[in-house]
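Residues 26 to 391 (the numbering used here) are what the sequence shown spells out, left to right. Virtual Cβ for every residue (Gly too), placed ideally from N, Cα, C. One structure is given below, encoded as C-alpha cells.
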Amino acid sequence: MKTHISQQLRLKIKEGVLIQDNSPSIYVTEEEFSYGDKTITRKGFICAIKVEDYSKRIVIPHEKTRDEWVEDRFKLMEVARSNYSPLLCLYEDDSRETVANLVKSISGKKPYIDISPDGLQKIKVWRVTDKGTIRLICDKFSDSKIYIADGHHRYEAGLRYLSNIRSKREINSKESINYRMIQLISMNEPGLITRSYHRYIKLESSKIDELLKKINLNENINEYKNSSQSFDENFINKFYKDICEENNFINIHFGILIKKDNQINTYIYSENNKTQINDYTFIHENFIRQNLQPDFEENIMFETDLSEIKNKLLSEDNLIVLMMRPIPMDSFLSAVNSGDRLPPKVTNFLPKPPAGLVFQSLEGNI
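And the structure:
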C-alpha cells in the first residue's frame, strides 16, 4: 500500500498534476467547518520548521507516544520520501498579535485555492512569496516555542528519519530532511477548538466484577442516576453535558460507563477538593493504573465521537468507557511548559489539518 502511494506521487509529479513552487512560500489557510450548530472559521498558515530534538525546548511536545506508531510513520517517510500532511502546531503571539493580524490581512485578498471537499471543511489558501513578509514572520519566531497540538508520532518519525540518514552520510543544512511541514495556529485564534478524547477498553467479566467492587469502595466515585431508564444517544449526550457543566456534581474529573451482561452502570468521579492536575493525567495515574492491570494501559483505545461511543456500548459487552472533558488551554499550557508529558490522546483539535493541500518533498533542498 505504501509503495503504491509513493508510485502515485511520482506519477502525479511526472504528469504535471503536482508542481513544485519555484520560490520559497508560506501558505495562509482559512478553514470553515461546522461545530454543533455553529459555523466556525480557523485561520493559520503552513510552513516548514527545523526538526529539533525535544531537549532544546524549541519544539514542545505534550503527550507520550507509542513506538510502533512512530515506526509506522517512519516507514511511510522512507518509502514516499515526502510528507503529505502538516502537523498541527500552536504558537503564542506577541501582545499586539502581530502574526495573527498579518495572517488576517492576507486572508482578506483573493485566495490562491478555494475548495469545498465533500465531507471536509471548506478551505482557502493564500500563497505568500513576498520575501519581506516571509522574513517578518520568520523573525517573529526566532525565539518562539512551537507547541505540537496534533502529530507527535509524525514529528518523532521525522527525528528518526533524520537520524537514520545522518548515520549513513553527511547532511547539508539546507536539505529538506532537516525540516518538517506544519500548520501554525495562534493560541488566541477564535476558531481553535479541541474536543474530548474518551477512553474505552474491553475486559473479561471477572475483571469487571473486580473493578465494580473497587468503584463501590471509592468515596470519590458516585453513581449517576439515569432518570429516563433508557440508554440511547440522548442519554449519552446528557451524561456528557452534565460532566462538562458539572451538573449535580462538583469538581468532576471524568465519567464512567460500564457494560456487563447487557446492563450499563454509570458513575461520576469527583472530589471535594479537586487537585490541580489535569483530568487526563489524573485518570491515568489515579484510576487506570490503580484499578486496572498495568498492561491494560497499553491496550486502551480512544474515541472522540459520542455516536461511536454509543454504538460500542449498544453492540459490545464487557466494556468500560471513560468519558472525558476537553482539556482547557491553560491546563494544556501549564503542563507542557513545565516539561510534563501528558498521556496519549489528550487534545483533539478540530478539524485535522488538510492532507494533500501542500506536499513537502524530502528530496533535495528545502
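**Boundaries of the beta strand (DSSP E) in which Val346 is found, first to last residue** = Indexing the sequence shown from 1 puts residue 346 at position 321. Its beta strand (DSSP E) spans residues Leu344 to Met348.
**Asked** Counting along the chain, where does the beta strand (DSSP E) carrying Gly280 start and finish?
**Response** Here the question's residue 280 lines up with position 255 in the sequence shown. In this chain, the beta strand (DSSP E) harbouring Gly280 covers Ile277 to Lys285.
**Prompt:** DSSP three-state call for Arg35: helix, strand or coil?
**Reply:** Counting from one through the sequence shown, the residue named residue 35 turns up at place 10. The DSSP-derived three-state label of Arg35 is helix.
**Residue(s) in a DSSP beta bridge with Ala73** = Along the sequence shown, read from residue 1 onward, the residue named residue 73 stands at position 48. In the DSSP assignment, Ala73 is bridged to Met206.
**Asked** If you draw a straight line from the C-alpha of Asn259 to the C-alpha of Ile140, how long is it?
**Response** Stepping through the sequence shown from its first residue, residue 259 is reached at position 234. Stepping through the sequence shown from its first residue, residue 140 is reached at position 115. About 35 Å.
**Prompt:** Are the region 225 to 233 and the region 334 to 354 touching, with three or more C-beta to C-beta distances below 8 Å?
**Reply:** Judged by Cβ distances under 8 Å, the region 225 to 233 makes contact with the region 334 to 354, as three or more pairs qualify.
**Request:** Measure the CB-CB distance between Ile275 and Asn297 and report whether it falls below 9 Å.
**Result:** By one-based count along the sequence shown, residue 275 stands at place 250. By one-based count along the sequence shown, residue 297 stands at place 272. At a Cβ-Cβ threshold of 9 Å, Ile275 and Asn297 count as neighbours.
**Buried versus exposed, by CB contacts within 10 Å (16 or more), Tyr180** = The residue you call residue 180 lines up with position 155 of the sequence shown. Looking at its Cβ environment, which holds 16 or more other Cβ atoms inside 10 Å, Tyr180 is buried.
**Asked** Can you list, in chain order, the residues of its chain whose CB lies under 7 Å from that of Ala174, leaving out five sequence neighbours each side?
**Response** By 1-based counting over the sequence shown, the position of residue 174 is 149. Cβ within range, chain order: Leu113, Cys114, Leu115, Thr372 and Phe374.
**Request:** Put Leu43 into one of helix, strand or coil per three-state DSSP.
**Result:** Taking the first residue of the sequence shown as position 1, residue 43 is located at position 18. Looking at Leu43 - three-state DSSP - the assignment turns out to be coil, as it is neither helix nor strand.
**Prompt:** Can you give the beta carbon distance from Ile246 to Tyr294, rounded, assuming they're within the 8 Å contact cut?
**Reply:** By one-based count along the sequence shown, residue 246 stands at place 221. By one-based count along the sequence shown, residue 294 stands at place 269. Between Tyr294 and Ile246 the Cβ distance is about 5 Å, and since that is below 8 Å, they are a contact.
**Message:** Is it buried or exposed, Gly61, if we count other Cβ atoms within 10 angstroms and call 16 or more buried?
**Reply:** By one-based count along the sequence shown, residue 61 stands at place 36. By the 16-neighbour rule on beta-carbons within 10 angstroms, Gly61 is exposed.
**Asked** In three-state DSSP terms, what is Leu101?
**Response** As a working mapping, residue 101 is identified with position 76 in the sequence shown. Helix at Leu101.
**Prompt:** Where Ile14 and Asn316 are concerned, what is the direct C-alpha to C-alpha distance, given to the nearest angstrom?
**Reply:** Because the chain is modelled from 26 through 391, residue 14 falls outside the range shown and cannot be assessed.
**Whole-Å CB distance - Ser201 paired with Gln33, under 8 Å assumed** = One-based indexing of the sequence shown puts residue 201 at position 176. One-based indexing of the sequence shown puts residue 33 at position 8. Wrong, their Cβ atoms sit about 20 Å apart, outside the cutoff.
**Prompt:** So what does Tyr60 bridge to, in DSSP terms?
**Reply:** For the purposes of this step, residue 60 is identified with residue 35 of the sequence shown, where counting begins at 1. Answer is Lys63.
**Request:** Take Val383 and list the residues in its own chain whose beta-carbon comes closer than 6 Å to its own, dropping the five residues that flank it on each side.
**Result:** Counting from 1 along the sequence shown, the entry for residue 383 is found at position 358. If the five residues before and after Val383 are omitted, its C-beta is found closer than 6 Å to the C-beta atoms of Tyr52 and Ile71, all from its own chain and listed in chain order.
**Message:** Going residue by residue through the region 86 to 168, where are the continuous alpha helix (DSSP H) segments of at least 4 residues, counting only ones entirely within it?
**Reply:** You should have 92 to 105, 123 to 131 and 156 to 165.
**Request:** Note down the Cα distance separating Ser198 from Gly183, rounded to an integer number of angstroms.
**Result:** Reading the sequence shown from its first residue, position 173 is the one you call residue 198. Reading the sequence shown from its first residue, position 158 is the one you call residue 183. Each residue's Cα considered, the two are about 15 Å apart.
**Message:** Can you tell me whether Gln208 is buried or exposed? The criterion is at least 16 other CB atoms within 10 Å of its CB, across all chains shown.
**Reply:** The residue labelled residue 208 in the question sits at position 183 within the sequence shown. Buried, because 16 or more other Cβ atoms sit within 10 Å of the Cβ of Gln208.
**Request:** Using beta-carbon positions only, say whether Tyr109 and Ala380 come within less than 9 Å of one another.
**Result:** Indexing the sequence shown from 1 puts residue 109 at position 84. Indexing the sequence shown from 1 puts residue 380 at position 355. Cβ atoms of Tyr109 and Ala380: closer than 9 Å.
**Environment of Asn390 [buried if 16+ CB atoms lie within 10 Å]** = What you label residue 390 is simply residue 365 of the sequence shown in a count that begins at 1. Per the 10 Å Cβ criterion, exposed.
**Request:** Report the rounded CA-to-CA distance for Ser363 versus Val84, giving the unit in angstroms.
**Result:** By 1-based counting over the sequence shown, the position of residue 363 is 338. By 1-based counting over the sequence shown, the position of residue 84 is 59. A straight line joining the alpha-carbon of Ser363 with that of Val84 spans about 14 Å.
**Message:** My assumption, with CB atoms under 8 Å, is that Glu88 sits in contact with His177. Please give the rounded CB distance.
**Reply:** Within the sequence shown, the letter at position 63 stands for residue 88. Within the sequence shown, the letter at position 152 stands for residue 177. Yes, they are in contact, since the Cβ atoms of Glu88 and His177 sit about 6 Å apart, within 8 Å.
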